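A.B. asks:
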Amino acid sequence: MDPRVRIIDFPIIHEPRGNLSFIEGGVHVPFEIKRVYYLYDVPGGAMRGGHAHKQLQQVIIALSGSFDVMLDDGHSRQKVSLNRGYHGLYMANMIWRELENFSSGAVCMVLASEHYLESDYIRDHDEFLRAVHA
Ligand code: TYD
């Protein structure tokens with residue numbers, strides 16, 4: 000696996016009243032968090048992602064339910080299944096990702112190192128491969 004992709008275990012405070020996890024920018028994720036977005040009400044069979052980012056780093060968390068993330072660093076592909084709110088999938092820049100197999104009620108929260116910037120996206124896979132192998 001590309002070392003620029005990894006699972007981060009967030010702290011868990013177990014209590015009879017329920018569990019609590021927390022995430023501090025620059026502490027539990029390797030960047031200051033500038034943006035949070037989330038995917039929900041994803042219909043069965045839908046695919047999200049399908050792009051890479053030139054600079055953006057992200058951490059993807061299955062806050063509820065489950066989904067699969069297909070990761071492609073331009074050399075090899077790998078699938079990671081997420082189904083725990085205390086696991087984060089960190090990905091550095093220049094990783095192609097596709098999210099699929101969303102369960103009913105799944106909520107995918109993403110922590111991002113930058114504000115939204117369309118020019119940071121690479122939405123064409125051939126262009127991504129050319130950039131990786133340049
Ligand atoms: P996109 O990142 O392509 O979605 P996904 O990777 O989940 O399939 O974003 C979908 C649309 O939402 C696109 O028009 C851009 C917009 N968008 C924002 O305006 N701000 C954001 O922070 C994000 C992530 C997307």
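For the sequence shown, numbering that gives the first Met the number 0 assigns the number 0 to the initial residue and increments by one for each residue that follows. By construction, the Cβ of each residue, glycine as well, lies at the ideal position given by its N, Cα and C atoms. The structure presented is a predicted model; accordingly, all values stated were derived computationally and were not measured.
Spatial neighbours of N18 within its chain, please: CB distance less than 6 Å, with the 5 preceding and 5 following residues excluded, ordered by chain position.
C.D. replies: For the purposes of this step, residue 18 is identified with residue 19 of the sequence shown, where counting begins at 1. Answer for N18: I11, listed in chain order.
A.B. asks: For the beta strand (DSSP E) that contains E14, what are its first and last residues?
C.D. replies: Working through the sequence shown from its first residue, we reach residue 14 at position 15. Its beta strand (DSSP E) spans residues 11-14.
A.B. asks: Is any heavy atom in the ligand TYD found nearer than 7 Å to the beta carbon of Y39?
C.D. replies: Locating residue 39 in the sequence shown gives position 40, where the first residue counts as 1. False, no ligand heavy atom lies under 7 Å from that Cβ.
A.B. asks: Using the rule of at least 16 other Cβ atoms within 10 Å of the residue's Cβ for burial, across every protein chain shown, is I139 buried or exposed?
C.D. replies: Because the chain is modelled from 0 through 133, residue 139 falls outside the range shown and cannot be assessed.
A.B. asks: Cα-Cα, which of Q57, P42, E99, A45 is closest to M69?
C.D. replies: Counting from one through the sequence shown, the residue named residue 69 turns up at place 70. Comparing Cα-Cα distances from M69 to each of Q57, P42, E99, A45, the minimum goes to E99.
A.B. asks: Since G24 sits in a beta bridge, which residues does DSSP pair it with?
C.D. replies: The residue you call residue 24 lines up with position 25 of the sequence shown. Answer is V28, bridged to G24.
A.B. asks: Using the beta-carbon of each residue, find all residues closer than 5 Å to any heavy atom of the ligand TYD and list them in chain order.
C.D. replies: This criterion selects Y36, R47, G48, Y115.
A.B. asks: Does I6 pass the burial test, meaning 16 or more other C-beta atoms within 10 Å, or should it be called exposed?
C.D. replies: To locate residue 6, count along the sequence shown from 1; it is residue 7. Result: exposed.
A.B. asks: Give, in chain order, every unbroken run of the beta strand (DSSP E) that is at least 3 residues long and sits entirely within the segment 42-114.
C.D. replies: 47-52, 57-63, 66-71, 76-81, 86-90, 95-99, 106-111, all fully within the segment 42-114.
A.B. asks: Where S80 and A133 are concerned, what is the direct C-alpha to C-alpha distance, given to the nearest angstrom?
C.D. replies: Counted from its first residue, the sequence shown places residue 80 at position 81. Counted from its first residue, the sequence shown places residue 133 at position 134. Their backbone Cα atoms lie some 30 Å apart in a straight line.
A.B. asks: Suppose you measure from the CA of A51 to the CA of R16; what does that come to, to the nearest Å?
C.D. replies: Working through the sequence shown from its first residue, we reach residue 51 at position 52. Working through the sequence shown from its first residue, we reach residue 16 at position 17. Cα to Cα, the separation comes out at about 40 Å.
A.B. asks: How far does the beta strand (DSSP E) with R34 in it extend, from its first residue to its last?
C.D. replies: Looking up residue 34 in the sequence shown gives position 35. Counting along the chain, the beta strand (DSSP E) containing R34 begins and ends at 34-38.
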